[in-house]
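Student: The structure under discussion is supplied below as structure tokens; questions concerning it will follow.
2 protein chains.
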Amino acid sequence: MVTSRRADAPARTASPRRRGAVLERAILDAALDQLGTVGWKGLTMEGVAAGAQTGKAAVYRRWPTKEDLVADALQTGLPPVGGVPDRGSVREDLLALCLRAREAMFSRPGTALQAVVHECDATQVERFHGVIFDAVVEPTIRLLREVVTRGIRRGEVRPDAANGYVFDAIPAMMMYRSKMCTSEWTDQDLEEMIDQLMMPLLRPAAP
Amino acid sequence: MVTSRRADAPARTASPRRRGAVLERAILDAALDQLGTVGWKGLTMEGVAAGAQTGKAAVYRRWPTKEDLVADALQTGLPPVGGVPDRGSVREDLLALCLRAREAMFSRPGTALQAVVHECDATQVERFHGVIFDAVVEPTIRLLREVVTRGIRRGEVRPDAANGYVFDAIPAMMMYRSKMCTSEWTDQDLEEMIDQLMMPLLRPAAP
Chain A
1 MVTSRRADAP
11 ARTASPRRRG
21 AVLERAILDA
31 ALDQLGTVGW
41 KGLTMEGVAA
51 GAQTGKAAVY
61 RRWPTKEDLV
71 ADALQTGLPP
81 VGGVPDRGSV
91 REDLLALCLR
101 AREAMFSRPG
111 TALQAVVHEC
121 DATQVERFHG
131 VIFDAVVEPT
141 IRLLREVVTR
151 GIRRGEVRPD
161 AANGYVFDAI
171 PAMMMYRSKM
181 CTSEWTDQDL
191 EEMIDQLMMP
201 LLRPAAP
Chain B
208 MVTSRRADAP
218 ARTASPRRRG
228 AVLERAILDA
238 ALDQLGTVGW
248 KGLTMEGVAA
258 GAQTGKAAVY
268 RRWPTKEDLV
278 ADALQTGLPP
288 VGGVPDRGSV
298 REDLLALCLR
308 AREAMFSRPG
318 TALQAVVHEC
328 DATQVERFHG
338 VIFDAVVEPT
348 IRLLREVVTR
358 GIRRGEVRPD
368 AANGYVFDAI
378 PAMMMYRSKM
388 CTSEWTDQDL
398 EEMIDQLMMP
408 LLRPAAP
């Protein structure tokens, strides 16, 4: 079922008179839907046009290739990652981030993003690298860096922990277990990951 | 190009008289090739039959569905994970494991496995879960457990580090960076991951 993700989005019974920004938004919306249902490999310009209740020509006029369309759909559809509340401890801050990451992963744009990441080969994903990096990877690293840096200031975290391998550990675990163990990441799983992986990784070394 | 992965595999110019185990092997081989080139979604019974230089009926006679065929192709094609040499330190042992894991990831059966893991949705991957777990996940965990347990005995590693989150960290990082950063995992990357992620994670806590 197609549901609109914006309060001001047009009704899906829109007439063929839609044009400009309204039609563009309907097409980008339909592209996200297709990614979530039939995936990157199953997405066709015809399917997107049908989903947006328009003609193929209207899609091709704006986006000459499937790659162009999907890049724009991700760029427009992925919500801002936002900030992170300061809950006073690195454990609580990380847990808050994990809960939010889980929500994002299983949202409509999150599912669309996963389809692209998993189905594209190395050459294709190159095309989306900028969008994915700017919209997801970089902001996530920024939040994790903030949490780790606060922990270092509090003396909770070792001073050399603010590095890329540490920042990637949570996103990597969430992707890996979703794929390999079809894990749904319960609240308890997330807490265990923080307690058994992140806290030992972050704490100061023996003097 | 199709290359045989067994010294005793039949030449690809085999005549239509192949039957039994020889023909089965040619079909399973062709299925691995298809996974590596066109992926899970692109694999067709027709394509596999063509690759094995046989007819579609010969494939369907043995494997009624694409799922059955791919499960058998993975089960037969994935090489044994093997043991791990004892190099005297957890750092050197982990590095040896990582080098071997990288080789396996980019081998023909490794590429085929990745196609299945990444392209299948949660319901489809359920069908392959047993094969993947038995052939890859479980043996990898067993090796990591051995390395970590040796480290605990030597006093190099904290006693509570032998747990699933720690064992999954390296496979998770290797999958994540391959997908998100199209990282090729140079020897230096692997060493940095050991030094910046695994060693701090494993070392004994401050008393």
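Residue numbers (my numbering), protein chains in the order written: chain A, 1 to 207; chain B, 208 to 414. Where a beta carbon is used, it is the ideal one built from N, C-alpha and C, also for glycine. Quick caveat, the model's predicted, so the values are computed rather than measured.
Could you tell me the distance, in whole angstroms, from the CA atom of glutamine 75 of chain A to the CA atom of alanine 135 of chain A?
Tutor: Roughly 7 angstroms separates the two Cα atoms.
Student: Does DSSP put alanine 162 of chain A in a helix, a strand or coil?
Tutor: coil
Student: With 8 angstroms as the threshold, decide whether the Cβ of glutamate 192 of chain A is near any Cβ in chain B.
Tutor: Yes, contact with chain B.
Student: Would you please state the rounded distance, in angstroms, between the beta carbons of alanine 169 of chain A and methionine 198 of chain A? I believe it to be under 8 angstroms.
Tutor: With 8 angstroms as the limit, alanine 169 of chain A and methionine 198 of chain A qualify as a contact, their Cβ atoms being about 7 angstroms apart.
Student: Please give the ranges of any beta strand (DSSP E) in the stretch 277-345 of chain B, keeping only runs that are unbroken, at least 3 residues long and fully inside the region.
Tutor: none
Student: Is the beta carbon of tyrosine 176 of chain A closer than 8 angstroms to that of tyrosine 383 of chain B?
Tutor: yes
Student: Kindly give me the distance between the Cβ atoms of valine 288 of chain B and threonine 347 of chain B, rounded to whole angstroms, as I take these residues to be in contact under 8 angstroms.
Tutor: 6 angstroms
Student: Does the distance from the C-beta atom of lysine 66 of chain A to that of lysine 248 of chain B stay below 8 angstroms?
Tutor: no
Student: Once the 5 residues before and after valine 255 of chain B are set aside, which same chain residues still bring their CB inside 8 angstroms of it?
Tutor: Ile234, Ala237, Ala238, Gln241, Val266 and Leu276.
Student: Taking 8 angstroms as the threshold (beta carbon to beta carbon), is alanine 412 of chain B in contact with chain A?
Tutor: yes
Student: Using 8 angstroms for Cβ pairs, my map puts aspartate 293 of chain B next to arginine 360 of chain B. What's the rounded Cβ distance?
Tutor: Rounded to the nearest angstrom, the Cβ distance from aspartate 293 of chain B to arginine 360 of chain B is 11 angstroms, too far for a contact under 8 angstroms.
Student: Check whether the Cβ of glutamine 395 of chain B lies closer than 8 angstroms to any Cβ atom in chain A.
Tutor: no
Student: Under three-state DSSP, which class holds alanine 58 of chain A?
Tutor: For alanine 58 of chain A, the secondary structure class from DSSP, reduced to helix, strand or coil, is helix.
Student: What residue from A/Arg127, A/Asp160, A/Pro171 and A/Val116 has the CA that sits closest to leucine 143 of chain A's CA?
Tutor: A/Pro171
Student: Straight-line CA distance for arginine 61 of chain A to valine 22 of chain A?
Tutor: One C-alpha to the other measures close to 15 angstroms.
Student: When we look at the beta-carbon of aspartate 8 of chain A and count the other beta-carbons within 10 Å, is it buried (16 or more) or exposed?
Tutor: A caution first: aspartate 8 of chain A carries a pLDDT of 44, below 50, which makes its placement in the model unreliable, though a value can still be read off. Per the 10 Å Cβ criterion, exposed.
Student: Under three-state DSSP, which class holds alanine 205 of chain A?
Tutor: strand
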